[in-house]
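Using the working numbering, you'd call the opening residue of the sequence shown number 1 and step up by one each time.
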Amino acid sequence: MFTMKALIVYYTMGGRTKKTAHAVASALTKYEVTFVPIELPGNFFQRIQVFDDFEKGDFSLIENELNSLDAASHDLVFFGMPTYGNKPPGTFHEIMKRMKNFSGKKVVIFTTARFSGKGTLEYMKEKIEAEGAQVINQYNFKRFFWIGKKKAMEFGKEINDL
């Protein structure tokens, strides 16, 4: 039986962040987990076009997801973002803007990166705390190819045991 609720919001272009989010969630045995996925559809070129639209502020493709963002009934909120130039995608700002009932929440952040990502965590933490929430843990999953489930599940277990 679950004793708490977790909301996991993730953004994925190629699937790495999605796989990581689900691996983290699989270890959250004390939590009833709800996902709000922001997944770019189509082939590579279509995903690039959608990414470009998002970066230009056109979020029409994900309005339902953005409008569903509400932390009210969740004890813990996770944000999983890929790293682009040591920052999260611009969609992260729209997520922060649209998240309802966020102030005072405990937050866990993670990033997926091929090369870097530490700067992305710092950037996200700063933005989240400016909204009145508290980042209680963070992790940068960094690997050039497949990140793997083991580290993500270990991170999830660490959060579960807090």
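We treat Cβ as the ideally placed atom computed from N, Cα and C, and that holds for glycine.
Exercise for the section: Find out if the Cβ-Cβ distance for the pair L167, V77 is shorter than 7 Å. Expected result: What the structure shows of the chain is the stretch from 1 to 162, and residue 167 is not part of that stretch, so it cannot be assessed.
Exercise for the section: Kindly indicate which three-state DSSP category F59 falls into: helix, strand or coil? Expected result: coil
Problem - Nearest to K97 (by Cα), restricted to the options E154, L121, E122 and G57 - result: G57
Practice task
Say yes only if the C-beta of N101 is nearer than 6 Å to one or more non-hydrogen atoms of the ligand HEM, and no if none qualify.
Solution key: Here there are no bound small molecules, and the ligand HEM is not part of this structure.
Exercise for the section: List the DSSP bridge partners of G80. Expected result: Y10 and F110
Problem - Which residues DSSP lists as bridging N140, in chain order - result: T111
Exercise for the section: Compute the Euclidean distance between the alpha carbons of G42 and G119, then round it to the nearest angstrom. Expected result: 29 Å
Handout entry: Residues that I38 bridges to, as DSSP identifies them
Key = Y11
Problem - Exposure of K150, with buried meaning 16 or more beta-carbon neighbours within 10 Å - result: exposed
Exercise for the section: For L69, count neighbouring C-beta atoms within 10 Å of its own C-beta (all shown protein chains included) and say buried if the count is 16 or more, exposed if not. Expected result: buried
Exercise for the section: Take K87 and list the residues in its own chain whose beta-carbon comes closer than 8 Å to its own, dropping the five residues that flank it on each side. Expected result: G119, T120 and Y123
Exercise for the section: Please classify K100: does DSSP put it in a helix, a strand, or coil? Expected result: strand
Practice task
From the DSSP output, in three-state form, read off G70 for me.
Solution key: It is Asp, not Gly, that sits at residue 70 in the sequence shown. DSSP places D70 in strand when its eight states are reduced to three.
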